[in-house]
Amino acid sequence: GTNANDGWNMVGNPYASTIDWQAAGWTKTNNNDAIYMRDNGQSSPVIASFVGGVPQNGGSRYIAQGQAFFVKSDGGTPVLTARESIKVAGTQTTFFRDKEPSDVLRIALAGGGATDEAVIRFHEEATTGFDGKWDAYKLENAIF
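Mapped onto our numbering, the consecutive letters of the sequence shown carry residue numbers 132 to 275.
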């Protein structure tokens, strides 16, 4: 491409917890301070971002466990390191992922302070019997 397209790096959250992009435990040498995540869950995918305390398109300073994000180097030798102090206990944030599968019917029932959901997916490879690749057993919620 062009020089304007250089410097983009995809990074994964290295911890099994939410992390805070604004925490003091980052080293962000020769990197812009913005993070970007593609949100494929929208009817038309958007790029969620966060920079300088300002979110756009659902972005956040908090990066979910297992979430990948993009940063852009602004030249030189970029360094991006994270220390344990960036972890945030108990903070949940949006996990951006692929778009929901199509041809899905969700039925949710709520009553007596409990909610349960049934999902029916129409897929050409599924059969009328149990398919380990496409079906999950319905377990009683009270077990867990």
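Think of the CB as a built atom: it goes at the ideal place given N, C-alpha and C, for glycine as much as any other residue.
Which residues does DSSP pair with residue i in a beta bridge?
i	result
Tyr167	Ser180 and Phe201
Gly242	Ala245
Asp234	None; Asp234 has no bridge partner.
Trp139	Lys203
Lys98	An answer regarding residue 98 cannot be provided, because it is not within the stretch 132 to 275 covered by the chain.
Ala213	Trp157
Pro186	Phe181
Which value, in whole angstroms, describes the spacing of the CA atoms of residue i and residue j?
i	j	result
Asp266	Pro145	31 angstroms
Lys218	Asp247	32 angstroms
Ser216	Ala154	7 angstroms
Val202	Phe181	11 angstroms
Trp157	Asn136	24 angstroms
Val142	Gly242	42 angstroms
Asn161	Trp139	12 angstroms
Ala239	Arg214	41 angstroms
Phe200	Pro176	15 angstroms
Lys264	Asp234	16 angstroms
Thr149	Gln198	9 angstroms
Asn188	Ile251	30 angstroms
Thr208	Asp151	23 angstroms
Ser191	Thr259	43 angstroms
Ala179	Met168	5 angstroms
Tyr268	Phe253	16 angstroms
Glu256	Ala249	20 angstroms
Ser204	Gln223	28 angstroms
Gly183	Gly172	25 angstroms
Pro186	Phe261	44 angstroms
From this set, the options, which residue's C-alpha is nearest residue i's C-alpha?
i	options	result
Gly221	Ser233, Ala179 and Tyr193	Tyr193
Gly206	Asn163, Asn171 and His254	Asn163
Asp170	Thr225, Val185, Phe253 and Ser204	Thr225
Quick one: measure Cβ to Cβ for residue i and residue j, integer angstroms, because I've assumed they're closer than 8 angstroms.
i	j	result
Leu211	Lys159	6 angstroms
Ala147	Gln196	6 angstroms
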